[in-house]
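Engineer: For the sequence shown, counting from 1, position 189 maps to 193 in my numbering; every step adds exactly one.
A single structure is presented below for examination.
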Amino acid sequence: MSASRQKARLALSALAHAAVVATLGMSSAQAAGLPHQLTGWAALSDTFRWEGPTSGQFIGGALGVTPPFSDSQPIPGFSALLKNADGSWTGMADNGFGTKGNSGDFLIGLYNVGIQFRTAGNGSSVPGAVSVNSRINFNDAKGYLKDGQGVDLKITADFANYQTVSGNNLVDSGKAVDSRIRNGRLLTGFDFDVESIARAKDGSYFVGEEFGPYILHFDAQGTLMSDPVAHPFLKSPSNPLVMNNGAQVTSQGSRGFESLAFNGDQSRLWAVPEAAPTVAALRPVANDERYLNFFEFDPAAMAYTGHNLVYKKDGPQTGNNIVIGDMTNVGGDKFVLIERDSKYGSAAEVKRLYLVDLNEVDETGTLKKTLLVDLLHVNDPLNIGGPLATVGGSFSMPFDSIESVVVLDNHTLAVAIDTNYPDEDGRLLGKPDSTEIITIRFDQQLFAVSPVPEPGTYALMLGGLALLAGLRGGRSGLLKNRHDRR
């Protein structure tokens, strides 16, 4: 091909891409992913409190919030979310305030909530309401954590006073542990950093956490059913073998099991850490931080199977700060997962939903992935977000910790955030974030999605095809595609 013809073809391709984007009324960023639209938006106020032991005694104030929270517990977002058969939802916060040392007075467990999504624009930027109905406290009433077998941990309930942490050492705070925690052996954010949840057919819950990292199993009432299961080689700085015995740290703090998901028939769980191990030799690709494992777990045997898959995150090969926020099954061997950076507000860059099929790998054996949506550019033709400060007229989720994705039907996902209360103001400058939940409907059934080229290639290909259709058959083909997307 001559240089002049090649230049002309490239120009034609660029023109085709621009024409499609302009005709569909979306920016280049909005065009990424699959056709979709925002269908619901709701939020639980950051000021909500649930009655319980005084919390926040070991954190500082931020964004106008002054702890402690007397006789109450805030909800710092949902690190995991499930839809219930009766229409309500089950939400799980993480360990409270971010570290083992500052969260001993924060109770971990499950909330039952009602969500009234706002589903149409009304000229305001007020989301629908979230009501909190009840709470289940995770607990070790059966004493598995002190029975001398398996994994034993000294938990908050075992101490007279709350403990903080300095290096690898516990420090007595001098503040008495609430009697409700001690009497019920209620579990706190000092004990576990719970991040992900999978509900079994019998109503029990498998929970992924980050201090071990461990996989935990609770009954429907929140009582621990067995010893925690440690990972074969991942150990965080808060792992007792590290703190007490000097074992090597192999996983960054807060990089444990942010994702725990059943497969289609619930015979297996997939435990997915936020990031690759800190020890290069333990990574799927030693010198590349983008690659991490999905670890297969047998819930019946309460053991890892040794069968692992390889996934490649976005971002740079080294110094990679993108993490996996959550993963959920959408049917068969297909899963949706979140990739995100740790930035918020105007600094946020990577907040994406991808789809993977565990049977689809590339020539290196790495799972292929399909971009579903960029959560910083969610199409909002119904103007549900109202006059929010948006990017290119689209709805945005400019939050650090987008950590929950839930399947509602064959076309629709719900997405929720962990707010890292009270420290972050991703939505409104100077105001702690509320717990936001949105729903997104895709034109295509999610379980039927097949791997497609990367976003830029896809958009270019779409533009070229649309232009060719226009050249051959006038505008009717392009207009038909536009109509089908609505």
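Positions of the beta carbon are idealized from the N, C-alpha and C atoms, including for glycine.
For a test of the three-state rule: what should DSSP assign to ILE79, helix, strand or coil?
Structural biologist: Counting from one through the sequence shown, the residue named residue 79 turns up at place 75. The answer is coil: DSSP assigns ILE79 none of H, G, I, E or B.
Engineer: Taking PRO320 as the reference, give the member of GLU293, VAL327 and ASP345 with the closest Cα.
Structural biologist: What you label residue 320 is simply residue 316 of the sequence shown in a count that begins at 1. Selected option, being the one with the closest Cα: GLU293.
Engineer: Skipping 5 residues on each side, what residues in its chain have a beta carbon closer than 8 Å to that of SER129?
Structural biologist: Stepping through the sequence shown from its first residue, residue 129 is reached at position 125. Taken in chain order, the residues that qualify are GLY389, GLY390, PRO391 and LEU392.
Engineer: If you draw a straight line from the alpha carbon of GLN270 to that of ALA204, how long is it in whole angstroms?
Structural biologist: Counted from its first residue, the sequence shown places residue 270 at position 266. Counted from its first residue, the sequence shown places residue 204 at position 200. Those two C-alpha atoms are separated by around 7 Å.
Engineer: Ignore the nearest five residues each way along the sequence and tell me which others in ASN333's own chain have a CB closer than 7 Å to its CB.
Structural biologist: The sequence position of residue 333 within the sequence shown is 329, counting from 1. Closer than 7 Å at Cβ, skipping near neighbours: ALA265, PHE266, ASN267, GLY268 and PHE339.
Engineer: Taking all protein chains shown into account, do 16 or more other C-beta atoms lie within 10 angstroms of the C-beta of ASP197, making it buried, or fewer, making it exposed?
Structural biologist: As a working mapping, residue 197 is identified with position 193 in the sequence shown. With 16 or more Cβ atoms within 10 Å of its Cβ, ASP197 is classed as buried.
Engineer: For a minimum of 4 consecutive residues, which ranges assigned as the alpha helix (DSSP H) are wholly contained in the stretch 232 to 280?
Structural biologist: The stretch 232 to 280 contains these whole alpha helix (DSSP H) runs: 244 to 249.
Engineer: How many angstroms separate the CA atom of PRO80 from the CA atom of GLU428?
Structural biologist: For the purposes of this step, residue 80 is identified with residue 76 of the sequence shown, where counting begins at 1. For the purposes of this step, residue 428 is identified with residue 424 of the sequence shown, where counting begins at 1. Going from the Cα of PRO80 to the Cα of GLU428 covers about 11 Å.
Engineer: Under 8 Å from any heavy atom of the ligand HEM, does the C-beta of LEU359 make it?
Structural biologist: Here there are no bound small molecules, and the ligand HEM is not part of this structure.
Engineer: Taking LYS347 as the reference, give the member of ASP404, HIS221 and ARG186 with the closest Cα.
Structural biologist: The sequence position of residue 347 within the sequence shown is 343, counting from 1. Out of ASP404, HIS221 and ARG186, ASP404 has the C-alpha closest to the C-alpha of LYS347.
Engineer: Going by the beta-carbon positions, is the gap between LEU379 and SER400 smaller than 9 Å?
Structural biologist: As a first step, residue 379 is located in the sequence shown; it is residue number 375 there, counting from the start. As a first step, residue 400 is located in the sequence shown; it is residue number 396 there, counting from the start. Against a cut-off of 9 Å, the Cβ pair of SER400 and LEU379 comes out as a contact.
Engineer: Figure out for me which residue from GLN120, ARG139, GLU213 and TRP54 has the closest Cα to the Cα of GLY193.
Structural biologist: The count along the sequence shown starts at 1 and reaches residue 193 at position 189. GLY193 has its Cα closest to that of GLU213, out of GLN120, ARG139, GLU213 and TRP54.
Engineer: Can you check whether the CB of THR439 is closer than 9 Å to the CB of ASP50?
Structural biologist: For the purposes of this step, residue 50 is taken as residue 46 along the sequence shown, with counting starting at 1. For the purposes of this step, residue 439 is taken as residue 435 along the sequence shown, with counting starting at 1. Cβ distance < 9 Å, so ASP50 and THR439 count as in contact.
Engineer: Starting from ILE185, follow the alpha helix (DSSP H) in both directions and report where the run begins and ends.
Structural biologist: Counted from its first residue, the sequence shown places residue 185 at position 181. Looking at the DSSP string, the run of the alpha helix (DSSP H) that includes ILE185 is 183 to 188.
Engineer: Between which two residues does the beta strand (DSSP E) carrying GLY138 extend?
Structural biologist: By one-based count along the sequence shown, residue 138 stands at place 134. Checking the sequence, you will find Ser at residue 138 rather than Gly. Unbroken beta strand (DSSP E) run through SER138: 132 to 141.
Engineer: What whole-angstrom Cβ distance do ASN137 and SER92 have, given they're in contact under 8 Å?
Structural biologist: In the sequence shown, the residue the question calls residue 137 occupies position 133. In the sequence shown, the residue the question calls residue 92 occupies position 88. Sure, about 7 Å apart at Cβ, within 8 Å.
Engineer: For ALA418, list the residues DSSP reports as bridge partners.
Structural biologist: Sequence index remark: in the sequence shown, residue 418 carries index 414 (1-based). In the DSSP output, where bridge partners are listed per residue, ALA418 has VAL410 and THR443.
Engineer: Whose C-alpha, out of PHE446, ASN424 and LEU450, is nearest the C-alpha of THR103?
Structural biologist: Here residue 103 refers to the residue found at position 99 when the sequence shown is read from its first residue. Comparing Cα positions, the closest option is ASN424.
Engineer: Take PRO288 as the anchor and find which of GLU278, LEU313 and TYR308 has the nearest alpha-carbon.
Structural biologist: Within the sequence shown, numbered from 1, the residue matching residue 288 stands at position 284. If we check each option's Cα against that of PRO288, LEU313 comes out closest.
Engineer: Apart from the five residues on each side of it in sequence, which residues of its chain come closer than 6 Å, Cβ to Cβ, to MET331?
Structural biologist: Residue numbering aside, residue 331 sits at position 327 when the sequence shown is read from its first letter. Excluding residues within five positions, the ones whose Cβ falls inside 6 Å are SER263, ALA265, VAL276, PHE339 and LEU341.
Engineer: Which partner residues of VAL169 appear in the DSSP bridge assignment?
Structural biologist: Walking along the sequence shown from the start, residue 169 turns up at place 165. Per DSSP, LEU174.
Engineer: Taking 9 Å as the cut-off, decide whether the C-beta atoms of SER200 and ALA84 are in contact.
Structural biologist: Residue mapping note: residue 200 aligns to position 196 of the sequence shown, counting from 1. Residue mapping note: residue 84 aligns to position 80 of the sequence shown, counting from 1. A contact, by the Cβ cut-off of 9 Å.
Engineer: Exposed or buried, what is VAL175 when buried is set at 16 or more other beta-carbons lying within 10 Å of its beta-carbon?
Structural biologist: The sequence position of residue 175 within the sequence shown is 171, counting from 1. Classification of VAL175: exposed, given that the 10 Å Cβ count is below 16.
Engineer: Under the rule that 16 or more other beta-carbon atoms within 10 Å means buried, what is PRO236, buried or exposed?
Structural biologist: Translated into the one-based positions of the sequence shown, residue 236 becomes position 232. PRO236 comes out exposed.
Engineer: Using C-beta distances below 6 Å, list every residue in its chain close to SER59, excluding the 5 sequence neighbours before and after it, in chain order.
Structural biologist: As a working mapping, residue 59 is identified with position 55 in the sequence shown. Excluding positions up to five away in sequence, the list reads PHE73, GLN77, ASP109 and PHE110.
Engineer: Assuming LEU273 and PHE210 form a contact by the criterion Cβ under 8 Å, report the distance between their Cβ atoms to the nearest whole angstrom.
Structural biologist: For the purposes of this step, residue 273 is taken as residue 269 along the sequence shown, with counting starting at 1. For the purposes of this step, residue 210 is taken as residue 206 along the sequence shown, with counting starting at 1. The Cβ separation is near 6 Å, so the contact holds.
Engineer: Whose CA, out of GLY152, GLY430 and GLY68, lies closest to the CA of GLU353?
Structural biologist: By one-based count along the sequence shown, residue 353 stands at place 349. Selected option, being the one with the closest Cα: GLY430.
Engineer: Would you kindly report the start and end of the unbroken beta strand (DSSP E) that includes PHE550?
Structural biologist: Summary: the structure shown does not reach residue 550, with the chain confined to residues 5 through 490, and so no result is reported for it.
Engineer: Among ASP366, PRO131, LEU417 and SER208, which has the Cα closest to the Cα of GLY335?
Structural biologist: Numbered from 1 along the sequence shown, position 331 holds the residue referred to as residue 335. Selected option, being the one with the closest Cα: LEU417.
Engineer: Quick check on ASP144: does DSSP put it in helix, strand or coil?
Structural biologist: Looking up residue 144 in the sequence shown gives position 140. Here ASP144 sits in coil by DSSP.
Engineer: Secondary structure at ASP330, three-state DSSP: helix, strand or coil?
Structural biologist: The residue labelled residue 330 in the question sits at position 326 within the sequence shown. Strand, per DSSP.
Engineer: For the beta strand (DSSP E) that GLN449 lies in, which residues bound it at each end?
Structural biologist: One-based indexing of the sequence shown puts residue 449 at position 445. Here GLN449 belongs to no beta strand (DSSP E), and DSSP marks it neither H nor E.
Engineer: Please work out which residues of its chain come closer than 8 Å, Cβ to Cβ, to HIS415, disregarding the five sequence neighbours upstream and downstream, and give them in chain order.
Structural biologist: Translated into the one-based positions of the sequence shown, residue 415 becomes position 411. If we look at HIS415 and ignore the five residues flanking it on each side, its Cβ neighbours are ARG445, PHE446, ASP447, GLN448, GLN449 and LEU450.
Engineer: Which of the three DSSP states is assigned to SER59 in this structure?
Structural biologist: Start at 1 with the first residue of the sequence shown, and residue 59 comes out as number 55. If DSSP states are grouped into helix, strand and coil, SER59 belongs with the strands.
Engineer: Name the residue from PHE299, LEU48, ASP318 and TYR315 whose alpha carbon lies nearest to the alpha carbon of THR309.
Structural biologist: Within the sequence shown, the letter at position 305 stands for residue 309. Among PHE299, LEU48, ASP318 and TYR315, the Cα nearest to that of THR309 is on PHE299.
Engineer: Take PRO459 and list the residues in its own chain whose beta-carbon comes closer than 6 Å to its own, dropping the five residues that flank it on each side.
Structural biologist: Here the question's residue 459 lines up with position 455 in the sequence shown. Summary for PRO459: the model assigns pLDDT 40, below 50, so the residue's position carries little reliability; its value from the coordinates is reported in the next sentence. If we look at PRO459 and ignore the five residues flanking it on each side, its Cβ neighbours are ALA36 and LEU375.
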